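K.L.:
Numbering (our numbering), first residue to last: 750 to 1411. Here a beta-carbon is modelled for each residue, glycine too, at the ideal position from N, C-alpha and C. Bear in mind that the values here come from a model prediction, so they are computed numbers and not experimental data.
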Amino acid sequence: MAAEKLTRTAQALGIDMKVETQGSIGAENVLSDNDVKEADGIIIAADKDVDRSRFAGKRVLSVGVSEGITNPEGLIERVRTAPVQGAGGGGAEAASSGGGKERSAAYKALMNGVSFMIPFVVVGGLLIAISLAIGGHSTPDGIVIPKDSFWFDVNALGSLGFKLMLPIFSGYIAYALGDRPALVPGMIGGFLAYDGVGIYGADANAGFLGAIATGFLAGYLVLGIRKIKVPKMVQPIMPIIVVPIVSTLAVGLFFIYVIGTPISWVFTHLTSWLNGMTGTSAILLGAIIGLMIAFDMGGPVNKTAFLVGSGLISTNPAVMGMAAAAISVMPLGQGLATVLRRKLYTQQERDTGIAAMFMGFFGISEGAIPFAAARPAQVIPANMLGGAVAGAIAGMAGVEDKVPHGGPIVALFTAISGVAMFFVAMAAGVIVTALATNALIELKLRRQERQEGAVPAGVPIGAPRPEPVLVGAGAPVGTTGSVDVRKKPAPVPAPVPAPAPVSVPPGGRDPEVLSGYLTEQTVRVQLAAGDKEAAIREMAGLLASTGKVADVEELVRTALRREEQGTTGLGEEIAIPHAKTDAVTSPVVGFARSAEGIEWGSLDGTRARLIFMISVPEAAAGDEHLRILAMLSRKLMDTGFRERLKDAADDAAILAVLGEIR
């Protein structure tokens, strides 16, 4: 989704962009050395670690993946003034604003471990499920597979996947923090968490809690060791011998003697507590498990609930039954929502809904991520409500799941006991999610109608308005985007018609420039200001003459805050300061010239002589602001247009030239 939004926004702005994605199937559309060499800047929109060493010497802006979806235009503007990546690959400082800051190193390390662990969970779970469904036999002790059968070997392969799951999880948490030297201590620590009973005689295995602890411990320990100065002759063997051995000993022994026993004690008592929960307690537990599963759809909260359930399969499979009933609620519910109220969604969103339902059948909760990313305030609460309903019903009915997986596919593998109630629980959660999602979307639309008076009921989501537009069929956790941005010699989004003859009405004024947002009142032939702040203040006063500015000082403050995030000097002697603020009551655009030019921090070093100021209310800050900026950007790439604008003798002549913008 981030890749799609960035690409479309770049096209609208006349910017050439290449997007590399790093998802669960690996890197696609990889940036070549020439792509990086020619780029003006690199945007990394990711929630996991991305190697930056290949971007040395380039401006690098690193943010969370969500900002690539919600604020692509801002990222494209900010990357032009982002910090330059050092040669060491240690990472450029993240330029950020508000909620768009880069994820913390700890969060990205955790998600890195999760992303590498997921294939082991899926492959191991499905192999175990298939072997149990086809080769298993019911006995008083549960489903047993004969040791001399083919399906016993299939089950062994699945079990091996789960044996590797925690070492991989811990190892790649450590790797994200401390690079390759941290991989060995992280994986060995993860195996200690997996089999503490067999290795050091613990009362219980520490499980995923222990794997998280060893992963972070190994990663940060390696980081600390690598900062120690050693003689030059020792440096070559540090990463391959000294660091791995010292860190492995330290992590392993510390885990065994200090961490492992307390964690195993907590896990043992948690298991006992869960085993003792029945009746009302089971309903409450099911609701909690369902809420956690639905909250972030494959993220750390979801995985915590899932791993608790999978870790208790051998002693209390009802907990996994609660999780299994909730796992498919989100993608199935969002897909059903697009079917029930098609008019609320664009065709693109309806297609995404079909894909989400397919993923939901196989227990892939990430199928709902595109919907949650586009409308978090509506979709996430609806998902959690549906997940809680499904988990509570499954808990009340005592549904059990004997494999660490969820969704309808598990029932087909006969791993579910209480199949009828399993489907009742899941269906109830799906219906609640779909109805709640559509109700919350409609509520938001009605609120917009009251506030703006411009959004008719029933207009499909994705029509021009501040509501984020849902794109793509979904991205797995850990999807990243590295973006190569550079100017195009000519725009590509759509052919721009040749300038039509401009008829200037009586009085020499054209009131319909840029949809009427730029008029004779907002044009000034010559600015008196000599610096950027004074120019913004002067232009704010110009916009205020229209009566559309309720608070001039707030407009100035907002525009200056935007400049602090990154210059709006585009080069070619152009600057387009802009402000999204309720200090203006409706969109308004001003234009002024500066004969001497004003230092605006443009990357090409030119002083700004042609200055446009765009101001829009927060309610219209999405599509309308982008549309105005796109119209201006396309036309300002025309050298002849810029020269005519510079040479225009007076207000009337300037408006006549500006009237060419279509």
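Kindly list the residues whose CB is nearer than 6 Å to the CB of ARG1393, restricted to its own chain and excluding five residues on each side of it in sequence; keep chain order.
P.N.:
Your numbering for residue 1393 matches position 644 in the sequence shown. Same-chain partners within the cutoff: VAL1406.
K.L.:
Which word fits ILE990, buried or exposed, when buried means at least 16 other C-beta atoms lie within 10 angstroms of its C-beta?
P.N.:
Within the sequence shown, residue 990 is the residue found at index 241, counting from 1. Label assigned to ILE990: exposed.
K.L.:
Could you compute how far the alpha carbon of ALA967 sits from the alpha carbon of ASP944?
P.N.:
Sequence index remark: in the sequence shown, residue 967 carries index 218 (1-based). Sequence index remark: in the sequence shown, residue 944 carries index 195 (1-based). Cα to Cα, the separation comes out at about 18 Å.
K.L.:
If I follow the unbroken beta strand (DSSP E) through VAL991, where does it start and stop?
P.N.:
Taking the sequence shown and counting its residues from 1, one reaches residue 991 at position 242. First-last for VAL991: undefined, no H or E at that position.
K.L.:
If we ignore side chains and look at the alpha-carbon of each, how far apart do ARG929 and ALA1054 end up?
P.N.:
Taking the sequence shown and counting its residues from 1, the one referred to as residue 929 is at position 180. Taking the sequence shown and counting its residues from 1, the one referred to as residue 1054 is at position 305. ARG929 and ALA1054: Cα-Cα distance of roughly 30 Å.
K.L.:
Is there contact between the segment 1371–1387 and the segment 1307–1317, where contact requires at least three CB pairs shorter than 8 Å?
P.N.:
no
K.L.:
If we ignore side chains and look at the alpha-carbon of each, how far apart do PHE911 and GLY1102 end up?
P.N.:
To locate residue 911, count along the sequence shown from 1; it is residue 162. To locate residue 1102, count along the sequence shown from 1; it is residue 353. Taking the straight line from one Cα to the other gives about 31 Å.
K.L.:
Could you name the residues that DSSP lists as bridge partners for GLU1149?
P.N.:
The residue you call residue 1149 lines up with position 400 of the sequence shown. Per DSSP, SER1166.
K.L.:
Looking at the structure shown, is LYS857 part of a helix, part of a strand, or coil, going by DSSP?
P.N.:
Start at 1 with the first residue of the sequence shown, and residue 857 comes out as number 108. DSSP places LYS857 in helix when its eight states are reduced to three.
K.L.:
Is the segment 1036–1045 in contact with the segment 1125–1136, if contact means three or more CB pairs nearer than 8 Å?
P.N.:
yes
K.L.:
Per DSSP, what kind of secondary structure is VAL799 in: helix, strand or coil?
P.N.:
Counting from one through the sequence shown, the residue named residue 799 turns up at place 50. Correct three-state label for VAL799: coil.
K.L.:
What residue range does the alpha helix (DSSP H) around ALA1397 cover?
P.N.:
By one-based count along the sequence shown, residue 1397 stands at place 648. No alpha helix (DSSP H) holds ALA1397; DSSP gives it neither H nor E.
K.L.:
How far does the alpha helix (DSSP H) with ILE937 in it extend, from its first residue to its last?
P.N.:
Translated into the one-based positions of the sequence shown, residue 937 becomes position 188. Element bounds for ILE937: 932–943.
K.L.:
CB-CB under 6 Å to THR758, same chain, minus the five flanking residues each way: which ones, in chain order?
P.N.:
Counted from its first residue, the sequence shown places residue 758 at position 9. Cβ within range, chain order: PRO821, GLU822.
K.L.:
Could you spell out the range, first to last residue, of the beta strand (DSSP E) harbouring VAL1365?
P.N.:
For the purposes of this step, residue 1365 is taken as the residue at position 616 of the sequence shown. VAL1365: member of the beta strand (DSSP E) spanning 1357–1365, first to last residue.
K.L.:
Which residue from TYR949, GLY920, ALA925 puts its Cα closest to that of GLY935?
P.N.:
The residue you call residue 935 lines up with position 186 of the sequence shown. Nearest of TYR949, GLY920, ALA925 to GLY935, Cα basis: GLY920.
K.L.:
Tell me the residue span of the alpha helix (DSSP H) that contains LEU1319.
P.N.:
Taking the first residue of the sequence shown as 1, we reach residue 1319 at position 570. That residue, LEU1319, is in no alpha helix (DSSP H); its beta strand (DSSP E) goes 1318–1320.
K.L.:
Give a yes or no on contact between the segment 1144–1154 and the segment 1061–1081, applying the rule of three or more CB pairs nearer than 8 Å.
P.N.:
yes
K.L.:
Return the CA-CA distance between ARG829 and PRO1125, expressed in angstroms with no decimal places.
P.N.:
Within the sequence shown, numbered from 1, the residue matching residue 829 stands at position 80. Within the sequence shown, numbered from 1, the residue matching residue 1125 stands at position 376. So the two alpha carbons sit approximately 29 Å from each other.
K.L.:
If you drop the 5 nearest sequence neighbours on each side, which residues of the same chain put their C-beta closer than 6 Å to that of PRO985?
P.N.:
As a working mapping, residue 985 is identified with position 236 in the sequence shown. Counting only Cβ-Cβ distances below 6 Å, and skipping sequence neighbours, we find nothing.
K.L.:
When you compare the segment 1337–1357 with the segment 1271–1280, are there three or more beta-carbon pairs, one atom per stretch, that lie closer than 8 Å?
P.N.:
Three or more beta-carbon pairs drawn from the segment 1337–1357 and the segment 1271–1280 are found closer than 8 Å, and the two stretches are therefore classed as touching.
K.L.:
Have a look at GLY839 and ASP902 and give me their C-alpha separation to the nearest angstrom.
P.N.:
Locating residue 839 in the sequence shown gives position 90, counting from the first residue. Locating residue 902 in the sequence shown gives position 153, counting from the first residue. Confidence at GLY839 is low in this model, with a pLDDT of 43, below 50, so its placement is unreliable and no value can be given for it.
K.L.:
Given a threshold of 16 other Cβ atoms within 10 Å of its Cβ, counted over all protein chains shown, does VAL1298 qualify as buried or as exposed?
P.N.:
Counting from 1 along the sequence shown, the entry for residue 1298 is found at position 549. Flag for VAL1298 reads buried.
K.L.:
Output the boundary residues of the beta strand (DSSP E) element that contains ALA693.
P.N.:
Outside the shown range of the chain (750 to 1411) lies residue 693, about which nothing can therefore be said.
K.L.:
Using the rule of at least 16 other Cβ atoms within 10 Å of the residue's Cβ for burial, across every protein chain shown, is PHE899 buried or exposed?
P.N.:
Numbered from 1 along the sequence shown, position 150 holds the residue referred to as residue 899. So PHE899 ends up on the exposed side.
K.L.:
If ILE793 and VAL799 are in contact, beta carbons under 8 Å, what's the gap, nearest whole angstrom?
P.N.:
Start at 1 with the first residue of the sequence shown, and residue 793 comes out as number 44. Start at 1 with the first residue of the sequence shown, and residue 799 comes out as number 50. That belief holds up - the Cβ atoms of ILE793 and VAL799 are roughly 5 Å apart, short of 8 Å.
K.L.:
Quick one: grab the DSSP three-state call for GLU1273.
P.N.:
Stepping through the sequence shown from its first residue, residue 1273 is reached at position 524. At residue 1273 the sequence reads Arg, which differs from the Glu that was named. Three-state result, ARG1273: strand.
K.L.:
What span of residues does the beta strand (DSSP E) with GLY1455 cover, start to end?
P.N.:
One cannot answer for residue 1455 here, as it falls past the ends of the chain, which runs 750 to 1411.
K.L.:
Excluding the 5 residues preceding and the 5 following THR756 in the sequence, name in chain order all residues of the same chain whose CB lies nearer than 8 Å to its CB.
P.N.:
Translated into positions along the sequence shown, residue 756 becomes position 7. Only MET766, VAL768 meet the Cβ criterion.
K.L.:
Under 7 Å Cβ to Cβ from ALA1177, same chain only, skipping five residues before and after it: list those, please.
P.N.:
Translated into positions along the sequence shown, residue 1177 becomes position 428. Around ALA1177: VAL1138, ALA1139, ILE1142.
K.L.:
Taking its Cβ as the centre, do 16 or more other Cβ atoms sit within 10 Å of PRO1246, making it buried, or is it exposed?
P.N.:
As a working mapping, residue 1246 is identified with position 497 in the sequence shown. Note on PRO1246: pLDDT 39, under 50, position unreliable in the model; the coordinate value appears next. With fewer than 16 other Cβ atoms within 10 Å, it is exposed.
K.L.:
Please identify the residue among ARG801, ILE1005, PRO1157, ARG1286 whose C-alpha is closest to the C-alpha of GLN834.
P.N.:
Walking along the sequence shown from the start, residue 834 turns up at place 85. For GLN834, the nearest C-alpha among the options comes from ARG801.
K.L.:
Are there 16 or more other CB atoms within 10 angstroms of the CB of THR1334, so buried, or fewer, so exposed?
P.N.:
Position 585 of the sequence shown holds residue 1334. Flag for THR1334 reads exposed.
K.L.:
Have a look at LEU1189 and HIS1327 and give me their C-alpha separation to the nearest angstrom.
P.N.:
Here residue 1189 refers to the residue found at position 440 of the sequence shown. Here residue 1327 refers to the residue found at position 578 of the sequence shown. LEU1189 and HIS1327 have their C-alpha atoms spaced approximately 32 Å apart.
K.L.:
Can you give, in chain order, each stretch of the beta strand (DSSP E) that sits fully within the segment 1278–1321 and has at least 3 residues?
P.N.:
1318–1320
K.L.:
In the DSSP assignment, what are the bridge partners of LYS1329?
P.N.:
Indexing the sequence shown from 1 puts residue 1329 at position 580. Within the DSSP secondary-structure output, LYS1329 pairs in a beta bridge with VAL1365.
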